Structure formats: structure tokens, C-alpha cells
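Accompanying notes for the structure given below.
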Amino acid sequence: MEKKINEKKSLLREAEKVERQRKPHRQHSVLSGILTKIIIILILIMIMLGGGYFFFTKKMQPQKEINVLVVQNQLSYCQELVTLKYRYSDILSIKKSVALSKSFSIIKYTGIIRIGIEDITLSDIEVYNEGKGVKIKLPDVEVLGNDITSQEVFDESHSIFVPITLDDVFVEIERSKQATLEELLDEGIMNEARESAKKVVQQIMMSAGFEEVIVV
1434 MEKKINEKKS LLREAEKVER QRKPHRQHSV LSGILTKIII ILILIMIMLG
1484 GGYFFFTKKM QPQKEINVLV VQNQLSYCQE LVTLKYRYSD ILSIKKSVAL
1534 SKSFSIIKYT GIIRIGIEDI TLSDIEVYNE GKGVKIKLPD VEVLGNDITS
1584 QEVFDESHSI FVPITLDDVF VEIERSKQAT LEELLDEGIM NEARESAKKV
1634 VQQIMMSAGF EEVIVV
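In terms of the numbering used here, the sequence shown is residues 1434 to 1649.
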């Protein structure tokens, strides 16, 4: 009888020992399962974030390109932007003489100097703030023209020995035109024309719906 009792006790001790050995294994399995779930969740979050970023960048890029095209389209309406016109006139006295022979011509002419940007569509354009703002860097202003609009002879006297030719008149007028232009350049007419161009472009962009416009 006592022997059977001892055997039962021995079996109970063996069962308890096995149970203690199995319990850490079950705990380890539970922890492994939790870690696996956490890793899967993190991977899914990263995939979602990556997909969202890809979708957002792909969505914003065409919109940005569209906004730039809108700006270019608006600027194309005034491809050659003349921001300053200066009208002037001068009276030239052309004289030639050889010995006792003399010739002269008194000529009045008027001209116009045009200063601005030859091709404003070459501007550098940057759209920002989700299409609400635009920054435009304009090309350099330049002299677009210095043309004669009228010419009139006030008085003249010609000698067959010293004639005043059309080439003589042309040379004198060109010299006078260049002198007038250089005088205006010295007075800073190019800076004035650029500031005027900035204001014109700024008004165009504001009319196109941009809330913030920077023109340089």
C-alpha cells in the first residue's frame, strides 16, 4: 500500500516538473506571436505611408506643371513686352564746302526708342504654396528698337560740286540717334524699364488668380 502511494507521489512530481518546463515555452510562444503581429502592423503602416507619399507626389507634380503652364500661357499674350517708349526729335544741320562751293541741309526728324523684354516667355517660373504663389525671374531688359518715325527737310542749298547725298543724311541721323540713346542710358532708363516690367507682370499674375506674386 505504501509503495503505491510513493509511486503516485513520484508521478505527481514528474507531472509538475513537465508542466513547469512547458509553461515557459507557452509564454515564449505568446511573446513571439505578439512580436510577429507588431512587426506585421509596422510593415503595413510603412506600406501605407509609402503609398500615400507616392500618391501625393504624383498628384502634386502634374498640378504644379499645370500651374506653370498657366503662367506661361498668361505671359505668352505679351511675348514682346515693351515697358518704356521714349519719343524724341532733333534738328540736324548738314554742311559741306569745297573752296567757294557750299551745300547745306537742315533736317528735322523724330524717332522712338522702345525698351523692354524681347521674349518674356523665357522667364524662370516657380509655383509654390499649393499653386497660390508664384515667383518669376524676368530676362534682362534691352533696347528693342530705335526707329525714325518721320523726317522733314526745313531748308537746303546744293552745289553740284559738293552735293549732300542720302548717305550723308543717313550717317548724321544715325549719329544723332545713338547720342540720344546713350544719354538716356546714362540717365538709368534701363532700370526704369525693368521696374515697369515687374509691375506689369505682377498685375498679370494677380489677375490670373495668384495670391502672392514675386517678380525679380
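All C-beta atoms in this analysis are idealised placements derived from N, C-alpha and C, irrespective of residue type, glycine included. Remember, it's a predicted structure, so these values are computed and weren't measured experimentally.
Self-check item: Boundaries of the alpha helix (DSSP H) in which Glu1607 is found, first to last residue
Solution: Leu1599 to Asp1619
Exercise. Give me the Cβ distance between Leu1508 and Ile1553, rounded to the nearest whole Å; I'm assuming they're in contact under 8 Å.
Key: 5 Å
Self-check item: Nearest-angstrom Cβ-Cβ length linking Leu1577 and Gly1549, presumed shorter than 8 Å
Solution: 6 Å
Quiz prompt | Span separating the alpha-carbon of Ser1538 from that of Cys1511 | solution = 42 Å
Self-check item: Proximity below 8 Å, CB of Cys1558 to CB of Val1504
Solution: The question names Cys, but residue 1558 is Ile in the sequence shown. Yes, they are a contact pair.
Self-check item: Bridge partners - Gln1584, DSSP secondary structure assignment
Solution: Tyr1542
Quiz prompt | Val1633 - DSSP class collapsed to helix/strand/coil | solution = helix
Exercise. From the DSSP output, read off the bridge partner residues of Leu1525.
Key: Ile1540
Quiz item: Who are Asp1573's beta bridge partners in DSSP?
Solution: Paired residue(s): none; Asp1573 is not in a bridge.
Practice problem: Please name the residue, chosen from Ser1583, Glu1628, Ser1629 and His1591, that lies closest to Lys1541 on a Cα-to-Cα basis. | Solution: Ser1583
Self-check item: Candidates Gly1566, Glu1513, Tyr1521 and Val1649: closest to Asn1624 by CA position
Solution: Val1649
Exercise. Whole angstroms is fine: what's the gap from Asn1506's alpha carbon to Gly1642's?
Key: 13 Å
Quiz item: Would Lys1570 pass as a contact of Glu1645 if the rule is Cβ separation under 8 Å?
Solution: no
Exercise. Could you tell me which residues DSSP puts in a beta bridge with Asp1557?
Key: Lys1570
Practice problem: For my contact list, Met1638 and Val1567 are in at a C-beta cut-off of 8 Å; report their separation, rounded to the angstrom. | Solution: 6 Å
Self-check item: Proximity to Arg1547 [Cα-Cα], best of Pro1596, Tyr1519, Thr1598 and Leu1618
Solution: Tyr1519
Quiz item: Among the residues of its own chain, which have a CB less than 6 Å from the CB of Ile1581, if the five just before and after it don't count?
Solution: Tyr1542 and Gly1544
Quiz item: Cα-Cα, which of Asp1523, Ser1590, Asn1579 and Ser1522 is closest to Ser1534?
Solution: Ser1590
Self-check item: Backbone CA spacing between Ile1524 and Val1602 [nearest angstrom]
Solution: 12 Å
Self-check item: Local conformation of Ile1548 per DSSP, three classes
Solution: strand
Quiz prompt | Inter-residue CB distance, Asn1579 and Leu1614 (contact presumed, cutoff 8 Å) | solution = 6 Å
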